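Remarks on the structure that follows.
Residue numbers (the numbering used here): 7 to 297.
Encoded structure:
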């Protein structure tokens, strides 16, 4: 069993206070106003500031957002407990009626230097270890309408040996309408859930690579000594082209791997061209010692 350690960005730590009632904060990377988040015209240009505001409703316009602007690979986006963070609004803003995560791609990227190319060119030494981290949050925490990509957590052991796109620790967040793609890690390159009961709705996991590990799209594990069964719910999701590799050979479970006391509930989802052929031949899904 592998347990990850995470570093919480200082910008988030200093903002752990109670939410104000019915407050909305706005984020637009191309905004030119007061940069205080009070309206689309005065939107924050940095999503970290929107999260750290403590407001429960964070609305984000199309664009590319990085966890850190100084190249610190240990920084991640950490939604606060009870926050709903929605992407897919057009540049310049608008209401929920014009929100479209497909047409208005809102990207959370670990490509801190902005120099990644196809085939993992220029990735690795300068990419975020975990793009998004959910740490001890409940089911009222929602991430909706984002592309999460370019995380790189390829250590064989230790703090950064997986969860390149998303790490979920001791929580039950809802991840909805998200595209988790082009992340590389040892295990759970797309997303890794430890002792957690997340819900994934209408999400796409594609072209994530686990090199030397398992569960390229999604890896779920729990504390074997605990009596608690964690439920991972996957509804109307698509897993495509995820690949688990061990050196030059393929690894185990290209799409989803679970171990420990995990109840995996999958409904209305598809699995296409996920690859794993090493010690075991679980191309898409494998549940080890599941609940």
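Backbone N, C-alpha and C fix where the C-beta goes; we use that ideal spot for every residue, glycine too. Values in this document were obtained by computation on a predicted structure and should not be read as measured data.
C-alpha gap between residue i and residue j, whole angstroms
{"i": "residue 145", "j": "residue 205", "result": "8 Å"}
{"i": "residue 95", "j": "residue 113", "result": "12 Å"}
{"i": "residue 2", "j": "residue 235", "result": "Shown here, the chain extends from 7 to 297; a query on residue 2 therefore has no answer."}
{"i": "residue 221", "j": "residue 47", "result": "42 Å"}
{"i": "residue 107", "j": "residue 187", "result": "15 Å"}
{"i": "residue 49", "j": "residue 178", "result": "29 Å"}
{"i": "residue 56", "j": "residue 261", "result": "32 Å"}
{"i": "residue 118", "j": "residue 75", "result": "7 Å"}
{"i": "residue 237", "j": "residue 196", "result": "18 Å"}
{"i": "residue 160", "j": "residue 34", "result": "31 Å"}
{"i": "residue 87", "j": "residue 143", "result": "5 Å"}
{"i": "residue 27", "j": "residue 271", "result": "Below a pLDDT of 50, predicted positions are generally treated as unreliable, and residue 27, at 47, falls in that range; the measurement from the model is reported next regardless. Their backbone Cα atoms lie some 34 Å apart in a straight line."}
{"i": "residue 282", "j": "residue 259", "result": "5 Å"}
{"i": "residue 297", "j": "residue 45", "result": "With a pLDDT of 43 at residue 297, under the threshold of 50, the modelled position of that residue is not reliable, and no figure is offered here."}
{"i": "residue 290", "j": "residue 152", "result": "24 Å"}
{"i": "residue 224", "j": "residue 38", "result": "38 Å"}
{"i": "residue 78", "j": "residue 133", "result": "9 Å"}
{"i": "residue 32", "j": "residue 64", "result": "6 Å"}
{"i": "residue 60", "j": "residue 73", "result": "17 Å"}
{"i": "residue 230", "j": "residue 218", "result": "22 Å"}
{"i": "residue 18", "j": "residue 181", "result": "Bear in mind that a pLDDT of 39 at residue 18, under 50, signals an unreliable position, so the number given afterwards is only what the model happens to contain. Whole-angstrom Cα-Cα distance: 20 Å."}
Option in the options with minimal Cα separation from residue i
{"i": "residue 131", "options": "227, 173, 158, 141", "result": "158"}
{"i": "residue 232", "options": "80, 201, 44", "result": "201"}
{"i": "residue 84", "options": "117, 171, 29", "result": "171"}
{"i": "residue 98", "options": "53, 120, 36", "result": "36"}
{"i": "residue 71", "options": "137, 129, 90", "result": "137"}
{"i": "residue 277", "options": "193, 90, 180, 242", "result": "242"}
Bridge-paired residues (DSSP) for residue i
{"i": "residue 222", "result": "According to DSSP, which records beta bridges pairwise, residue 222 is partnered with nothing at all."}
{"i": "residue 235", "result": "In DSSP, residue 235 forms no bridge with anything."}
{"i": "residue 206", "result": "181, 240"}
{"i": "residue 38", "result": "Its beta-bridge partners do not exist; DSSP assigns none."}
{"i": "residue 158", "result": "190"}
{"i": "residue 227", "result": "200, 265"}
Proximity below 9 Å, CB of residue i to CB of residue j
{"i": "residue 66", "j": "residue 93", "result": "yes"}
{"i": "residue 244", "j": "residue 263", "result": "no"}
{"i": "residue 174", "j": "residue 209", "result": "no"}
{"i": "residue 191", "j": "residue 228", "result": "no"}
{"i": "residue 40", "j": "residue 68", "result": "no"}
{"i": "residue 247", "j": "residue 212", "result": "yes"}
{"i": "residue 148", "j": "residue 82", "result": "no"}
{"i": "residue 183", "j": "residue 155", "result": "no"}
Considering only residues of the segment 42-82, which uninterrupted alpha helix (DSSP H) runs meet the minimum length of 4 residues and lie entirely inside it, listed in chain order? 53-58
Just to confirm the assignment: which complete beta strand (DSSP E) runs, minimum length 3, are found wholly within the segment 99-147? 112-115, 138-141
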